[in-house]
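Q:
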Amino acid sequence: MTQIGDIFLHKLNLAFETITQPDGTPYTPEDVMVETRQGISGSYLRRLRSGHINNPTIQIVGELSRFFQVPPSYFLEAEAEIPEQTQLQIEEITDLLTTLSAKELAVVKKQIELIHSLRDRD
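Residue numbers (my numbering): 278 to 399.
The following block contains the structure:
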């Protein structure tokens, strides 16, 4: 595998391990597939994560950066980590979400989906 391929593989797996859903559970390849409107299939993403594919297109990197809300350079540069402020915000939101009821979580989920749909229109 190339150095870039190694970096991409590490960063992709790190994103899956550290950027979680609002309830704290990890995202799955199928979650990415749904959010990218099948721009990236679950099977393709599993092959990327296992290192069987190590040269994704710029479109794939763009889709992943939008999904995980990190700059595209995150996946390509060894020193580009998830911004600390972003990680702290994720942790704060996750802590707050653990105090909500199922009904309240459903409301939050709908709000997040609304934000995603509005962002996708731009």
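Quick reminder that beta carbons are idealized off the backbone N, C-alpha and C, glycines included.
1) Measure from the alpha carbon of Gln364 to the alpha carbon of each residue in Gly328, Gln280, Phe345 and Phe285, then state which is nearest.
2) According to the Cβ coordinates, are Val309 and Ile296 closer than 8 Å?
3) Determine which residues share a DSSP beta bridge with Pro333 and list them.
4) What residue from Tyr321, Pro299 and Gln298 has the CA that sits closest to Arg306's CA?
5) Tell me where the alpha helix (DSSP H) around Thr363 begins and ends.
6) Which of helix, strand or coil does DSSP assign to Thr297?
7) According to DSSP, simplified to helix, strand and coil, what is Pro348?
8) Identify which residue in Asn332, Tyr304 and Glu312 has its Cα closest to the Cα of Leu391.
9) Verify whether the separation of the beta carbon atoms of Pro333 and Ser342 is less than 8 Å.
10) Go ahead and label Glu340 buried or exposed: buried means 16 or more other beta carbons lie within 10 angstroms of its beta carbon, across all protein chains shown.
A: Quick answer:
1) Across the set Gly328, Gln280, Phe345 and Phe285, the C-alpha of Phe345 shows the shortest separation from the C-alpha of Gln364.
2) No, the Cβ-Cβ distance between Val309 and Ile296 is not below 8 Å.
3) BP columns for Pro333 are empty, so no partner.
4) Sequence inspection shows Pro at residue 306; the Arg mentioned does not correspond to that position. For Pro306, the closest alpha carbon among the candidates Tyr321, Pro299 and Gln298 is that of Tyr321.
5) Glu361 to Leu374 is the extent of the alpha helix (DSSP H) around Thr363.
6) Assigned with DSSP and collapsed to three states, Thr297 falls in strand.
7) In the three-state scheme derived from DSSP, where H, G and I count as helix and E and B as strand, Pro348 is classed as coil.
8) Out of Asn332, Tyr304 and Glu312, Glu312 has the C-alpha closest to the C-alpha of Leu391.
9) Taking 8 Å as the Cβ cut-off, Pro333 and Ser342 do not qualify as a contacting pair.
10) Buried: at least 16 other Cβ atoms inside 10 Å.
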